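Throughout the sequence shown, residue numbering follows the numbering used here, covering 1491 to 1822 in sequence.
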Amino acid sequence: MKILSIETSCDETAVAVTEGRVVLSSVINSQTEIHKKYGGVVPEIASREHTLAIDAVTRTALKEAGLDFKDISAIAVTYGAGLLGALLVGVSYAKGLAYALNIPLYAVNHLKGHISANYIANKDLKPPFITLLASGGHTQILKVNALNDIEILGETVDDSAGEAFDKVARVLGLPYPGGPEIEKLAKFGSPDYVLPRAFKNENHLNFSFSGIKTAVINLVTKIERGGGVVNKANLASSFQSEVCEILTKNTVQGAKNSNISTVTLAGGVGANGYLRDLLSAECKKAGLTLLLPPKHLCTDNGAMIGVCAHEEIQIGAKPADLSLDANPSARV
Ligand code: AMP
Ligand code: MG
C-alpha cells in the first residue's frame, strides 16, 4: 500500500510517498530563509507559503517516486500539533485529494510522526521502547507500548528544549533556527560558565528550561554592563552541555525505571551531535540499546507521517472522514 503523506505543521511543506517502512520519495520545501529575517516563524507567512508550495511539492514527491496519483492507495496528513493556519493548509489539501481520488485519508499526530521516524531507520523496531522527543514545540520522555498506548514519563513544564536553543541563540546574536548555530559555535568553546539546573534534587523526570534561558540572558547583561566581553563559544558550549546532560540523564533514568532496554530519539533537537554522542555513551554505560535515526529524519519531514499512518493501520486505525479538523494542541 503506497501512502502519500503531507506535513505542514510549522515551516516545512513536506510530502512523501512511503510503502510500509520504506521511503519511496521525500520532498521538503523549507521556509527557513523566509522566516530568518524575523528571528522566528511568522504563522501567517507560514500558512501562505504552504498554500503556494503544497501542490508543486506533492507533484515532485510523486515524480521522484516514479508514480502517478492513480498509484496511491491512501493519504496521510498531520492534523496536529502545530500552527493552526499551517496545519489547515495540509489538512484541506489532503481532504480534497482523498475525496478526488476516492481513497482513505488518515489523520496523523505530529508527535507520533516524530516517534515513527525510528521505524524508517530501524525496520525491525517493535514497542515497547523509550523515546526522547525533543523538538521546537515539545520535550517529553515517552514510554511507547504501542502507537496508541504511549505513557508520558516526563515532560517540560515550560519551554521546550528547541525553544531554549532558539532563544539563547538569539541572545548570542545567532540567526534562527538557533539549535544548529549553537551546536556549531559550541565546537569552538568549552563549558566554563556555570548555569543552573532545574529540579536538581527532585525525584521526577520533568524538565524546566526557562530558568537556564533567563540565567544566560542575565549573565550576558551583567558581563556587558560591567564592560566585559562574553565568550560566546564558551557560553554556547555551557548551555548545550547543560541541556543535553539533563535530557540524557532523565531519558536513561526513564528507561531504567520502566525496565525497557531500547531507547530511541526523535525531534529536531535530536539532530544535535553533542546530544547524540552523550546519549550514546550513557546508554552504553547503562546497558541500554540506543537507536538513532539519521539527522534528516529528526527534523520535520513527510516520510515519518506516512510511516506512522502505516504503523497505525497495522494496529487498527480507521480512516478520518471529511469533517477532520486541525488541532494545534494535539497530545500523544
Ligand atoms: P522540530 O520542531 O522537530 O522541527 O525541530 C525544530 C527545533 O529543533 C528548533 O528549535 C531547532 O533549533 C532545533 N534543532 C534543530 N537542529 C538542532 C541541533 N543541531 N541542535 C539543537 N537543536 C536543533
Ligand atoms: Mg516537529
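Note that the Cβ used here is the ideal one computed from N, Cα and C, for glycine as well.
Remember, predicted model here, so these are calculated numbers, not experimental data.
Any non-hydrogen atom of the ligand AMP within 7 Å of residue i CB
i                  : result
phenylalanine 1678 : no
alanine 1761       : yes
threonine 1789     : yes
glutamate 1653     : yes
serine 1625        : yes
glycine 1758       : yes
histidine 1786     : no
glutamate 1500     : According to the sequence displayed, residue 1500 carries cysteine and not glutamate. Result yes, Cβ under 7 Å from the ligand AMP.
glutamate 1673     : yes
proline 1594       : no
glycine 1668       : yes
histidine 1604     : yes
Strand pairing of residue i, partner residues [DSSP]
i                  : result
lysine 1492        : Glu1509
asparagine 1817    : Asparagine 1817 is not bridged to any residue.
asparagine 1520    : The sequence shown places serine at residue 1520, not asparagine. DSSP lists Glu1502 as partners of serine 1520.
phenylalanine 1697 : Thr1646
leucine 1595       : Ile1565, Ala1810
leucine 1442       : The structure shown does not extend to residue 1442, since the chain is modelled only from 1491 through 1822, so no value can be given for it.
glutamate 1497     : Ala1504
glycine 1570       : Asn1599
serine 1515        : Val1507
Residue i: CB within 7 Å of a non-hydrogen atom of the ligand SAH
i              : result
aspartate 1656 : What this structure holds is the ligand AMP and the ligand MG, not the ligand SAH.
With a floor of 3 residues, list each beta strand (DSSP E) that falls wholly inside the stretch 1603–1659, ordered by position along the chain.
-> Counting only runs of 3 or more residues that sit fully inside the stretch 1603–1659, the beta strand (DSSP E) segments are 1619–1624, 1629–1636, 1639–1645, in chain order.
Could you tell me whether the stretch 1756–1769 touches the stretch 1696–1715, where touching means 3 or more Cβ pairs closer than 8 Å?
-> Segments in contact, no.
Quick one: complete alpha helix (DSSP H) runs, 4+ long, within the stretch 1738–1777?
-> Runs of the alpha helix (DSSP H) inside the stretch 1738–1777: 1763–1775.
Cβ contact (3+ pairs, closer than 8 Å) linking the stretch 1739–1756 and the stretch 1775–1790 | Under the three-pair Cβ rule at 8 Å, the stretch 1739–1756 counts as touching the stretch 1775–1790.
Does the stretch 1585–1605 come within contact of the stretch 1694–1713, defined as at least 3 CB pairs closer than 8 Å?
-> The answer is no - the stretch 1694–1713 does not touch the stretch 1585–1605, with fewer than three Cβ pairs under 8 Å.
Residue ranges of each alpha helix (DSSP H) run of no fewer than 4 residues wholly in the stretch 1518–1553, ordered along the chain?
-> You should have 1522–1526.
Check whether the stretch 1651–1671 touches the stretch 1809–1819, counting contact only when three or more Cβ pairs, one atom from each stretch, lie closer than 8 Å.
-> The stretch 1651–1671 vs the stretch 1809–1819: no contact.
Contact between the stretch 1655–1662 and the stretch 1681–1694 (3+ Cβ pairs under 8 Å) | Judged by Cβ distances under 8 Å, the stretch 1655–1662 makes no contact with the stretch 1681–1694, as fewer than three pairs qualify.
Are at least three pairs of beta-carbons, each pair with one atom in the stretch 1507–1515 and one in the stretch 1588–1598, less than 8 Å apart?
-> Put simply, the stretch 1507–1515 does not touch the stretch 1588–1598. Fewer than three CB pairs are less than 8 Å apart.
Hey, is the stretch 1722–1734 in contact with the stretch 1686–1706, meaning 3+ C-beta pairs nearer than 8 Å?
-> Using a Cβ-Cβ distance cut-off of 8 Å, the stretch 1722–1734 and the stretch 1686–1706 are in contact, since at least three pairs of beta carbons, one from each stretch, lie closer than that value.
4 or more residues per run - each alpha helix (DSSP H) lying fully within the stretch 1702–1742 = Runs found: none.
Can you find at least 3 beta carbon pairs, one from the stretch 1792–1802 and one from the stretch 1556–1574, that sit closer than 8 Å?
-> Taking 8 Å as the limit for Cβ pairs, the verdict is that the stretch 1556–1574 does touch the stretch 1792–1802.
Using 8 Å as the Cβ pair cut-off and three pairs as the minimum, do the stretch 1628–1640 and the stretch 1495–1503 touch?
-> No: the two stretches stay apart, fewer than three of their Cβ pairs being nearer than 8 Å.
Stretch pair the stretch 1661–1672 + the stretch 1566–1578: three plus CB contacts closer than 8 Å = They do not touch, by the three-pair rule.
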